[in-house]
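I have placed the structure first, in the form of structure tokens, so that the comments after it can refer back to it.
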Amino acid sequence: MGLFGGNQMPVEGKTVLITGASEGMGLSVAKLLSFKGANVVLVSRSVDKLQDALKIVEAAAINKDKQRFHYIVADVSAPSYATPLLAEVREWNNGNPPDIVWCIAGMSTPELFVDMDMSSLRRQMDVNFYGTAEMSHSILKEWLAVDAPVEKEAKHLIMTGSVLALYTIPGYAPYSPSKWAMRGLADTISQEVMMYPQNVKVHMVFPGTILSPGYAREILTTPEITRILESSDPQQTPDEVADSAIKGLERGEYFVTVAWLGALMKWGMLGGSFRNNWFVDTIMSWIVSFLWIFIQPDLHGKIRKYGKTHGHPSKAKQEGQERQA
154 MGLFGGNQMP VEGKTVLITG ASEGMGLSVA KLLSFKGANV VLVSRSVDKL QDALKIVEAA
214 AINKDKQRFH YIVADVSAPS YATPLLAEVR EWNNGNPPDI VWCIAGMSTP ELFVDMDMSS
274 LRRQMDVNFY GTAEMSHSIL KEWLAVDAPV EKEAKHLIMT GSVLALYTIP GYAPYSPSKW
334 AMRGLADTIS QEVMMYPQNV KVHMVFPGTI LSPGYAREIL TTPEITRILE SSDPQQTPDE
394 VADSAIKGLE RGEYFVTVAW LGALMKWGML GGSFRNNWFV DTIMSWIVSF LWIFIQPDLH
454 GKIRKYGKTH GHPSKAKQEG QERQA
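Last residue of the sequence shown? That's 478 in our numbering, and every number before it is there in order.
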């Protein structure tokens with residue numbers, strides 16, 4: 154996939170729906186797709202942020218006299234939010250559903266599992282997993298309906314996961330399960346869509362650390378051991394992530410990674426998932442399997458050393474909170 158045949162996801166003249174589009178990666182994706190000629194519908198919870206984002210996306214348009222832009226206020230964690238949202242998109246889009254749906258809305262509140270409240274895990278599952286699952290279910294019911302048109306050019310459903318859905322570390326117990334669940338959903342429906350006559354492609358993007366407003370909020374609760382283990386991870390701006398992700402989608406990739414760390418993690422866990430390139434992915438999976446002989450002992454050594462140095466993690470957290478007070 155992606156070696157021949159040119160651009161596998163052209164967007165010029167197409168309508169793209171993006172959730173989480175008011176800031177960070179979502180806004181950068183919307184801006185770049187606008188520059189490539191797409192009509193864009195922005196979705197987020199904040200009307201003020203959406204209005205500001207709309208101006209940025211409109212300014213990036215390459216065909217300002219032809220392209221169209223719209224925003225919709227919605228909470229992706231609300232049950233059954235997607236069906237009425239898509240109805241509004243169809244009304245705005247001359248009765249047609251979007252050609253591309255990219256689910257980016259998400260949140261992360263890192264904590265150690267024992268110290269977290271279960272409501273945190275449920276909230277992140279609602280936003281990250283169910284927000285994407287609701288939209289996926291609603292748009293696929295439209296694209297794959299019995300009377301839906303069969304077209305040569307594909308529709309594209311894009312889920313935004315995380316490198317933590319490939320390999321996770323301490324501190325992400327409330328977050329990682331939502332992204333692992335998303336990966337399971339993507340693997341399942343990417344096979345199911347093959348049964349239908351309509352041409353629909355499913356993709357999953359795996360960003361790492363994005364220097365976004367969401368990351369600024371995230372690090373407020375990030376445990377110290379998590380920061381230690383992530384200290385050498387690549388950090389990217391939202392624009393860098395958007396550019397790498399779109400290039401991967403244009404190559405026709407199923408699992409889209411945006412930095413070297415994500416690529417290594419992907420090759421270490423592909424299992425029965427679709428390959429972007431059978432030769433490259435197979436060779437690299439062999440190499441990464443060997444590298445784990447050295448990587449895992451290093452990571453586990455840092456975790457054990459932290460425990461011996463700082464004592465009981467919950468006690469250390471309480472003492473830290475008392476010092477701040």
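Here a beta-carbon is modelled for each residue, glycine too, at the ideal position from N, C-alpha and C. Note that this is a predicted model, so its numbers are computed, not measured.
- Shortest Cα-Cα distance from H356 to any of A212, S365, Q344, M348 involves Q344.
- Shown here for A191: same chain residues with a beta carbon closer than 6 Å to its own, the five before and five after excluded, namely V164, K167, V169 in chain order.
- Using a 10 angstroms sphere on the CB of W413, the tally of other CB atoms stays under 16, which defines it as exposed.
- Take the alpha-carbon of L317 and the one of T410: they are about 12 Å apart.
- Taking C-beta atoms as the reference points, L310 and S289 count as a pair closer than 7 Å.
- Per DSSP, V355 is one residue of the beta strand (DSSP E) stretching across 353-359.
- Taking 3 residues as the shortest admissible run, the stretch 170-227 contains the following complete beta strand (DSSP E) segments, listed from N- to C-terminal end: 192-197, 222-226.
- Taking 7 Å as the cut-off, the beta carbon of T285 is found closer than this to the beta carbon of M312.
- For L310, the enclosing beta strand (DSSP E) starts and ends at 308-313.
- Taking 7 Å as the cut-off, the Cβ atoms of I209 and K184 count as close.
- Residue pairing from DSSP places F408 in a beta bridge opposite M357.
- For V164, no beta strand (DSSP E) segment is defined, and its DSSP state is neither H nor E.
- Each of Y407, K400, I456 was checked against the Cα of K189, and the nearest Cα belongs to K400.
- Straight-line spacing of the CA atoms in R370 and C256 works out to 20 Å.
- Unbroken alpha helix (DSSP H) runs of no fewer than 4 residues, entirely contained in the stretch 372-435, are found at 377-382, 391-403, 413-420, following chain order.
- The beta carbon of I378 lies closer than 6 Å to those of P323, Y459 in the same chain, with the five residues before and after it left out.
- Taking the CA atoms as reference points, A214 sits about 10 Å from F222.
- If one requires a minimum length of 4 residues, the alpha helix (DSSP H) runs lying completely within the stretch 268-304 are 271-277, 284-296, in chain order.
- CA-CA distance, G424 to M348, rounds to 22 Å.
- Taking all protein chains in view, the Cβ of K219 is surrounded by fewer than 16 other Cβ atoms within 10 Å, so the residue is classified as exposed.
- Under the three-state reduction of DSSP output, V254 falls in the strand class.
- The beta carbon of A339 is closer than 7 Å to those of M312, V355, M357 in its chain, skipping five residues each way along the sequence.
- Pairing V254 with T374, the inter-Cα distance amounts to about 31 Å.
- By the C-beta density criterion, R336 is buried, having at least 16 other C-beta atoms within 10 angstroms.
- The distance from the Cβ of V196 to that of I171 is about 7 Å, consistent with a contact at the 8 Å cut-off.
- With respect to the 7 Å criterion, P450 and L265 are not classified as neighbours on the basis of their beta carbons.
- The straight-line gap separating the alpha-carbon atoms of N430 and M278 is approximately 31 Å.
- Approximately 3 Å separates the beta-carbon atoms of A258 and G173; this is inside 8 Å, confirming the contact.
- Of the residues I446, M437, D205, G415, the one whose Cα lies closest to the Cα of E383 is G415.
- Judged by beta-carbon spacing, S397 lies beyond the 7 Å limit of W420, meaning their Cβ atoms are not closer than that value.
- Residue V280 holds the alpha-carbon nearest to the alpha-carbon of V229 among F427, V280, D268.
- Looking at Q388, A235, V346, E393, the one whose alpha-carbon comes closest to that of I292 is A235.
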